[in-house]
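Asker:
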Amino acid sequence: MQYFREGGASIDLMRLKLFPFTLKDKAKIWLNSLRPRSIRNWVDLQAEFLKKFFPTHRTNGLKRQISNFSAKENEKFHEYWERYMEAINACPHHGFDTWLLVSYFYDGMSSSMKQILETMCGGDFMSKNPEEAMDFLCYVSEVTRGWDKPNSREMGRMKAPVNPKGGMYMLSEDMDMKAKVATIARRLEELELKKMHEVQAISETQAHVMPCTICQSCDHVVDECPTMLAMREMLGDQANVMGKFRPNNNAPYGNTYNSRWRNHPIFSWKPRPPPYQPQAQTQAPQQTSSVEQAIANLSKSHE
């Protein structure tokens, strides 16, 4: 299959190539007896195969078995389900939708089977969609497989009530208890599975969120980090204080490229300005020290 997929072959072509390996005995003899190049595609092969081994009258008979399926007397749930699946597999081209298959199976169940089914699903079986209903029927079949077959005394307890509704029978205490225990077990399993999925979803979400590079928290991004906001506020206050001092026009890092080079003493033919008074510079180390001290205090407050 992988070889065909890598070659870009279609699904129908893969089926056409692999189909001969699934046949044996009469079916294989029939395939080898076909005229060369009489089969052009998968649809042609399907039509010829069904015409040979599933003629119309046989197909209709198999479809009637499915639509009129019913449980036998004293038949267990899993036995009834297995017979029904065998009938479906015997006619894979039945053409019934899933909801019809569920309906046929439900209508053919005995009253005690319906009671078990409704007890185990909490009475909401008819509200399930077709796929969920089929899965639940398979689940009930697996669970009830381990239940002991009711003896004659238990069968005597499965009598109709005084005012039966819809032909429903009361289950024996043992069967009713088993159905309820199975229901509780399934509910717990569903809750555990739901919790596991929630934890997995949270883990995947956290894995895709980049942590803040400042405090390593996943609750916010870097721009919204409290440490960053406090730092910006502190630096803004420091900038306001330092703005009170006039910058030196001859400083090597002026506001613009042109003014810096234009006013620099080395490239100017104007008289040299008077010596720079150092009293303004005496404040710069203090400002630098105050900034460093503020940063240090901020770091300590967030440790």
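Reminder that position 223 of the sequence shown reads as 223 in full-length UniProt numbering, one-by-one numbering, no gaps. Even glycine gets a Cβ: it sits at the ideal position worked out from N, Cα and C. These numbers were taken from a predicted model, which means no experiment stands behind them.
1) Which whole-angstrom value is the C-beta distance of A71 and M109, which I expect to be below 8 Å?
2) To the nearest angstrom, how far is the alpha carbon of V140 from that of E82?
3) Would you tell me roughly how many angstroms separate the C-alpha atoms of T227 and C218, rounded to the nearest one?
4) If I'm right that A87 touches Q65 with Cβ under 8 Å, what's the distance once you round it to whole angstroms?
5) To the nearest angstrom, how far is the alpha carbon of M85 from that of P20?
6) Across the stretch 116-136 and the stretch 47-59, are there enough close Cβ pairs to call them in contact, namely three or more that are closer than 8 Å?
7) Whole angstroms are fine: how far does the CA of D12 sit from the CA of R37?
8) Are the beta-carbon atoms belonging to L31 and L23 less than 7 Å from one another?
9) Leaving out five residues before and five after Q128 in sequence, what residues of the same chain have Cβ atoms less than 6 Å from its Cβ?
10) Is the beta carbon of H220 closer than 7 Å to that of residue 329?
11) So, helix, strand or coil for W99, using DSSP?
12) Provide the residue span of the alpha helix (DSSP H) that contains R15, from first to last.
13) Give the straight-line distance between the Cα atoms of R35 and K194, rounded to the nearest whole angstrom.
14) Within its chain, find whatever has a CB closer than 7 Å to the CB of L45; leave out the 5 residues flanking it on each side and keep chain order.
15) Apart from the five residues just before and just after E131, which ones in its own chain have a Cβ nearer than 8 Å to its Cβ?
16) Exposed or buried, which one is Q286 when buried takes at least 16 other CB atoms within 10 Å?
17) What residue from N89, M113, V43 and T59 has the CA that sits closest to M14's CA?
18) I need the boundaries of the alpha helix (DSSP H) containing P130, first residue and last residue.
19) Please list the terminal residues of the continuous alpha helix (DSSP H) segment that includes R64.
20) Rounding to the nearest angstrom, what Cα-Cα distance links M126 and V102 in this structure?
21) Less than 7 Å separating the beta-carbons of L62 and C91?
22) How should A47 be labelled, buried or exposed, when 16 other C-beta atoms within 10 angstroms of its C-beta is the threshold for buried?
23) Relative to the C-alpha of T59, which residue among A27, K28 and G95 is closest?
24) Less than 7 Å between the beta carbons of Y104 and F69, yes or no?
25) Please report how far the alpha carbon of I202 lies from the alpha carbon of D25, in whole angstroms.
26) Tell me whether K76 is buried or exposed, calling it buried when 16 or more other Cβ atoms sit within 10 Å of its Cβ.
27) Under the three-state reduction of DSSP, which class applies to I29: helix, strand or coil?
28) Return the residue from the list T56, Y80, Q200 and N74 that minimises the CA-CA distance to H93.
Answerer: Reading from the atomic positions:
1) On the sequence shown, residue 71 is found 71 positions in, with the first residue counted as 1. On the sequence shown, residue 109 is found 109 positions in, with the first residue counted as 1. About 6 Å; that satisfies the 8 Å criterion.
2) Along the sequence shown, one-based indexing puts residue 140 at 140. Along the sequence shown, one-based indexing puts residue 82 at 82. Put simply, the backbone Cα of V140 is about 12 Å away from that of E82.
3) For this step, residue 227 is matched to residue 227 along the sequence shown. For this step, residue 218 is matched to residue 218 along the sequence shown. Straight-line Cα distance between these residues: approximately 14 Å.
4) Position 87 of the sequence shown holds residue 87. Position 65 of the sequence shown holds residue 65. About 5 Å; that satisfies the 8 Å criterion.
5) As a working note, residue 85 is residue 85 in the sequence shown. As a working note, residue 20 is residue 20 in the sequence shown. Each residue's Cα considered, the two are about 26 Å apart.
6) Output reads no: the stretch 47-59 does not touch the stretch 116-136.
7) As a first step, residue 37 must be located in the sequence shown, where it is residue number 37. As a first step, residue 12 must be located in the sequence shown, where it is residue number 12. Rounded to whole angstroms, R37 to D12 spans 17 Å at the Cα level.
8) Sequence index remark: in the sequence shown, residue 31 carries index 31 (1-based). Sequence index remark: in the sequence shown, residue 23 carries index 23 (1-based). A contact, by the Cβ cut-off of 7 Å.
9) By one-based count along the sequence shown, residue 128 stands at place 128. According to the sequence as given, residue 128 is Lys; it is not Gln. Excluding residues within five positions, none has a Cβ falling inside 6 Å.
10) An answer regarding residue 329 cannot be provided, because it is not within the stretch 1 to 303 covered by the chain.
11) As a working mapping, residue 99 is identified with position 99 in the sequence shown. Looking at W99 - three-state DSSP - the assignment turns out to be helix.
12) On the sequence shown, position 15 is the one that residue 15 refers to. From DSSP, the alpha helix (DSSP H) with R15 extends over I11 to L18.
13) Here residue 35 corresponds to residue number 35 of the sequence shown, with the count starting at 1. Here residue 194 corresponds to residue number 194 of the sequence shown, with the count starting at 1. Answer to the nearest angstrom: the Cα atoms are 57 Å apart.
14) Counting from one through the sequence shown, the residue named residue 45 turns up at place 45. Cβ neighbours of L45 beyond the five flanking positions: L16, F19 and I39.
15) Mapped onto the sequence shown, residue 131 falls at position 131. Hits under 8 Å: T98.
16) One-based indexing of the sequence shown puts residue 286 at position 286. With a pLDDT of only 48 at Q286, under the threshold of 50, the placement of this residue in the model should not be trusted, and no figure is reported.
17) Start at 1 with the first residue of the sequence shown, and residue 14 comes out as number 14. Residue V43 holds the alpha-carbon nearest to the alpha-carbon of M14 among N89, M113, V43 and T59.
18) Within the sequence shown, residue 130 is the residue found at index 130, counting from 1. Counting along the chain, the alpha helix (DSSP H) containing P130 begins and ends at P130 to T144.
19) Here residue 64 refers to the residue found at position 64 of the sequence shown. Looking at the DSSP string, the run of the alpha helix (DSSP H) that includes R64 is T56 to S67.
20) As a first step, residue 126 must be located in the sequence shown, where it is residue number 126. As a first step, residue 102 must be located in the sequence shown, where it is residue number 102. Going from the Cα of M126 to the Cα of V102 covers about 10 Å.
21) As a first step, residue 62 is located in the sequence shown; it is residue number 62 there, counting from the start. As a first step, residue 91 is located in the sequence shown; it is residue number 91 there, counting from the start. The answer is yes: Cβ separation under 7 Å.
22) Locating residue 47 in the sequence shown gives position 47, where the first residue counts as 1. Answer is exposed; the Cβ neighbour count stays below 16.
23) The residue given as residue 59 occupies position 59 in the sequence shown. Nearest of A27, K28 and G95 to T59, Cα basis: G95.
24) If you number the sequence shown from 1, residue 104 lands on position 104. If you number the sequence shown from 1, residue 69 lands on position 69. Result yes, Cβ atoms of Y104 and F69 sit closer than 7 Å.
25) Residue mapping note: residue 202 aligns to position 202 of the sequence shown, counting from 1. Residue mapping note: residue 25 aligns to position 25 of the sequence shown, counting from 1. Looking at the two C-alpha atoms, the distance is approximately 56 Å.
26) Along the sequence shown, one-based indexing puts residue 76 at 76. Buried.
27) Walking along the sequence shown from the start, residue 29 turns up at place 29. Shown here, I29 sits in a helix according to DSSP, grouped into three states.
28) For the purposes of this step, residue 93 is taken as the residue at position 93 of the sequence shown. For H93, the closest of T56, Y80, Q200 and N74 by C-alpha to C-alpha distance is T56.
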